[in-house]
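Report on the structure given below.
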Amino acid sequence: MPEFRRPENEQEFHKNFEQIKPLMNQTEAYYESSRCLFCYDAPCIKACPTGIDIPLFIRQINSGNVKGSAKTIYSANNFGRACGNVCPTEVLCEGSCVYTKQNIKPIEIGRLQSFATSQAINEDTSFFPLAENNGKKVAVIGAGPAGISCACELRKMGFSVDIFEAKEYPSGLTLYGVAPYKITNQAVLEEMDYLQKQFGYKIHYKTAITERKDIENLHKKYDAVFIGIGLGSTSELGIPGEYLENSRGAVEFIQKLRINKHQVKVGKKVIVLGGGNTAMDAASEASRLGAEKVILCYRRSQKEMKAYWFEYDLAKSVGTSGVFNVVPLEIVGDKKVSGVKFAKSKVENGTVKIIPKSEFIEPCDMVIKATGQEKYHAFLKMIDNLKVDNKDRIVVNPETGQTNNPKFFAGGDSVNGGKEVVNAVAEGRNAAYGIQKYIFG
Ligand code: SF4
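Below you can see the structure in the form of structure tokens.
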């Protein structure tokens, strides 16, 4: 029996994808904030990539100053509400809360953060006056967390900002790449509207920058360009059968799910290939879409998975089972997927080795590949002399986000290779200060 019934409509979809960190009410927020010890030199602040003053914003909630709390959050992190929901708080702020040392449940920092910022969004509270127009223009490529964060900070400093976004909606990964049980589309887009209204940057949707002449135009027209393009599609496995019907990339699967919700169909038995957080999300999602059996297959041991432990626990809690030390050799089937041919493997000196004569076929009717994401090679080549490292990540000055082509700055996944929304927000914000320094000295 499947854990979840296949959702037939949007209501059933939302029931299956119920929020794992639901919004607190006032009483819950008051109670939870009263547990905080308001530590001096608080470890939770150090664990936050954007350095939010966590004890301060919790104290403000506790004293009834929810607006002040939201201001504290937004002055460090422009994606305050989204990050409250989607951050892996278990390994960041909450993971370092002093209570964990005493085996006591840490303060629910993420949910408190979402509580305070939601109120500011609902009341459309504007916190930051914009400086007078300084006469300088910045182009931002990509309306993801890095790009939007950079734009908000630049607007505060009086820059004009144009954002060029290939897709239909803003927020990048937050809308298109995060599992729907972490945040709803409505919550993401409300925060995006709130920010745009407050900061007044322009977003040009469905405007992909794909040709050298587009880059040359931006170079000519703008005083600086910020690159926040994220990562591309799922990387190929390079095995036969990869393009059979019902074999797809996890990134594309999740993206479709976020937009088309219950209209996305899954197989009865789904094999997910990979051991990272995206694999865990895809497995949980397949289960919540009504798959009868979901198996996560990884070429190394369970201990070596890159996924956070709590993400694997979450996938298991909705019926996913794990098979380890198996390497996919072929996706088998005639037009449609009918199984995956694996070989058993072992790890020797850090390298995965196939065990001879250990092949077997695991039948299934759908495969989801969560095998990493491509970089935008063609895009990166369009910018003169742009330095990338051996993994095709853009090389920047970590303090300012400036690339070796001085007019170009970058941040987010295209620089860090694929981290959390909060990392991209921090990098976008820092690059805004880098741009100001570059232009005004
Ligand atoms: Fe509060 Fe925990 Fe941070 Fe201390 S570490 S300030 S108790 S949230």
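Quick note: the sequence shown, position 388, residue 388 per our numbering, numbers continuous. Note that beta-carbon positions come from the ideal geometry of N, C-alpha and C, so glycine has one too.
Check whether the Cβ of residue i lies closer than 7 Å to any heavy atom of the ligand SF4, and answer yes or no.
{"i": "TYR99", "result": "yes"}
{"i": "LEU273", "result": "no"}
{"i": "PHE360", "result": "no"}
{"i": "CYS87", "result": "no"}
{"i": "ILE20", "result": "no"}
{"i": "ILE54", "result": "yes"}
{"i": "LEU380", "result": "no"}
{"i": "ALA42", "result": "yes"}
{"i": "ILE58", "result": "yes"}
{"i": "PHE38", "result": "yes"}
{"i": "ILE104", "result": "no"}
{"i": "ILE61", "result": "no"}
{"i": "ILE107", "result": "yes"}
Which residues mark the beginning and the end of the beta strand (DSSP E) in which residue i is found?
{"i": "LYS407", "result": "Neither: LYS407 is in no beta strand (DSSP E) and is coded neither H nor E."}
{"i": "CYS297", "result": "293-298"}
{"i": "ASP162", "result": "160-164"}
{"i": "LYS202", "result": "202-204"}
{"i": "ILE354", "result": "351-354"}
{"i": "LYS369", "result": "366-369"}
How would you write the range of the alpha helix (DSSP H) that residue i sits in, first residue to last?
{"i": "GLU12", "result": "10-16"}
{"i": "GLU32", "result": "26-34"}
{"i": "MET280", "result": "277-288"}
{"i": "PRO363", "result": "Careful: PRO363 lies outside any alpha helix (DSSP H), inside the beta strand (DSSP E) at 360-363."}
{"i": "VAL421", "result": "421-440"}
{"i": "ILE49", "result": "Rather than Ile, the amino acid found at residue 49 in this sequence is Pro. Segment: none, PRO49 is in no alpha helix (DSSP H) and carries neither H nor E."}
What's the call for residue i, buried or exposed, on a 16-neighbour Cβ count within 10 Å?
{"i": "VAL352", "result": "exposed"}
{"i": "GLU285", "result": "buried"}
{"i": "PHE38", "result": "exposed"}
{"i": "LYS357", "result": "exposed"}
{"i": "PHE226", "result": "buried"}
{"i": "GLU32", "result": "buried"}
{"i": "ASN397", "result": "exposed"}
{"i": "GLN263", "result": "exposed"}
{"i": "GLU245", "result": "exposed"}
{"i": "PRO106", "result": "buried"}
{"i": "THR27", "result": "exposed"}
Are any of the Cβ atoms in chain D nearer than 8 Å to that of residue i?
{"i": "ALA179", "result": "Judged by its chain identifiers, the structure shown contains no chain D, having just a single protein chain."}
Ranges of the alpha helix (DSSP H) found wholly within the segment 228-269, counting only runs of at least 4: 250-260
Beta strand (DSSP E) runs contained entirely in the segment 291-346, provided each spans 3 or more residues: 293-298, 320-324, 326-334
Whole beta strand (DSSP E) elements within the segment 127-193, 3-residue minimum: You should have 137-141, 160-164.
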